[in-house]
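Notes follow the structure.
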Amino acid sequence: MHFFSCTTNNHRRRHRHRIFTHSELATATSNFSSSSLLGRGSQSSVFLAIFPSSPPLIAAAKLSSSFSELSILFSLPYSPFIVNLLGFTHPSPSIPLLELMPSGSLDHLLHNSSPPPPWRRRLHLAFFSSLSLSFLHSLSPPIIHRDVKPSNILLDSSLQPSSLRLRFGVVLLELITGRRAIDVDHSPPALSDWALSMVTQRRFDEMCDARMGPVVIEEFAAVACLASRCVSSSPEDRPEMAEVAACLRRVRSSPVKRWRKWMTWWGPV
């Protein structure tokens, strides 16, 4: 489900939860019509719901585990890393209604926007996405998002990313290469297999998405090496999300002259 999010907009705050009837929700989504459909996931279909007296909301309908996910949303402390729960339907089945993130998903930004985001924007998105997952993993008990992919990372109006280390590694690789996780037009079709080979051979310039313009190759190489650790076939070699976030913070803010030391730390490149 698309409720894990991240933004640096501190003006967003938790709203009072409003209760909607199923009839109200059906009207707001034009009876869950295809014109209101925003996307489908492995466990839900997401619709745009428009109410006369409210701002647009996202209605996540047809959830196989809606009650448990709604319970999780209620139990979480407020954080800018979580899309606001604005309301839900009653009586059961309860369908959560979530804050609309106006800039859509990372997947749309990467593959359907013109022009595509430049390198520094991608680095920015990678960092704040890692903060989102790090926050969820830091909770007690930790929350593990089991469907991390670009289409589930939502962006606010400032293009801040909303929302398993291996899957986040694939997201990083999509960000920096512009390729999809699986693309049968390439060999090998799995992005992670191709990227690991390229990193091992230090062919970083060939990995860059040519559409994103000038790149600081040391920064790119560091992120590529970090992503390769995240997609390692050995789970014990994958860094914790807190470490991933710390590494990306350093990439964004530190002088290039320090890269040789960090890249050695992250693994041979």
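Last residue of the sequence shown: 269 (full-length UniProt numbering), numbering continuous. Even for Gly, the Cβ is constructed at its ideal location relative to N, Cα and C.
Local conformation of residue i per DSSP, three classes
i    : result
L39  : Checking the displayed sequence, the identity of residue 39 turns out to be Gly instead of Leu. Strand.
L133 : helix
V46  : strand
L98  : strand
L110 : helix
L191 : helix
G178 : coil
F51  : coil
T89  : strand
F220 : helix
S105 : strand
L172 : helix
R203 : coil
V251 : helix
Other residues of its chain near residue i: CB distance less than 6 Å, five sequence neighbours each side excluded
i    : result
F51  : A28
L175 : R122, A126
S254 : none
Classification of residue i by the beta-carbon crowding that lies within 10 angstroms, buried from 16 upward
i    : result
V231 : buried
T200 : exposed
H11  : Low confidence applies here, because H11 scores a pLDDT of 46, under 50, leaving its location unreliable and the question unanswered by this model.
R211 : exposed
D183 : exposed
D209 : buried
S113 : exposed
P117 : buried
P150 : buried
L98  : buried
S33  : exposed
S130 : buried
N84  : buried
Cβ distance (whole Å) where residue i is taken to contact residue j below 8 Å
i    : j    : result
P102 : D156 : 7 Å
R106 : I153 : Reading off the sequence, residue 106 comes out as Leu, not Arg. Right, their Cβ atoms sit about 4 Å apart.
A242 : S134 : 5 Å
V171 : S192 : Actually they are not in contact, since the Cβ atoms of V171 and S192 sit about 11 Å apart, beyond 8 Å.
L110 : G178 : 7 Å
V244 : F128 : In fact, because the Cβ distance is near 12 Å, the residues do not count as touching under 8 Å.
Sequence-distant residues of the same chain with beta carbon closer than 8 Å to residue i, five excluded per side
i   : result
I19 : G87, F88, T89, H90
>> Can you confirm whether the stretch 44 to 59 touches the stretch 19 to 29 when touching is taken to mean that 3 or more C-beta pairs between the two stretches lie within less than 8 Å?
In response: yes
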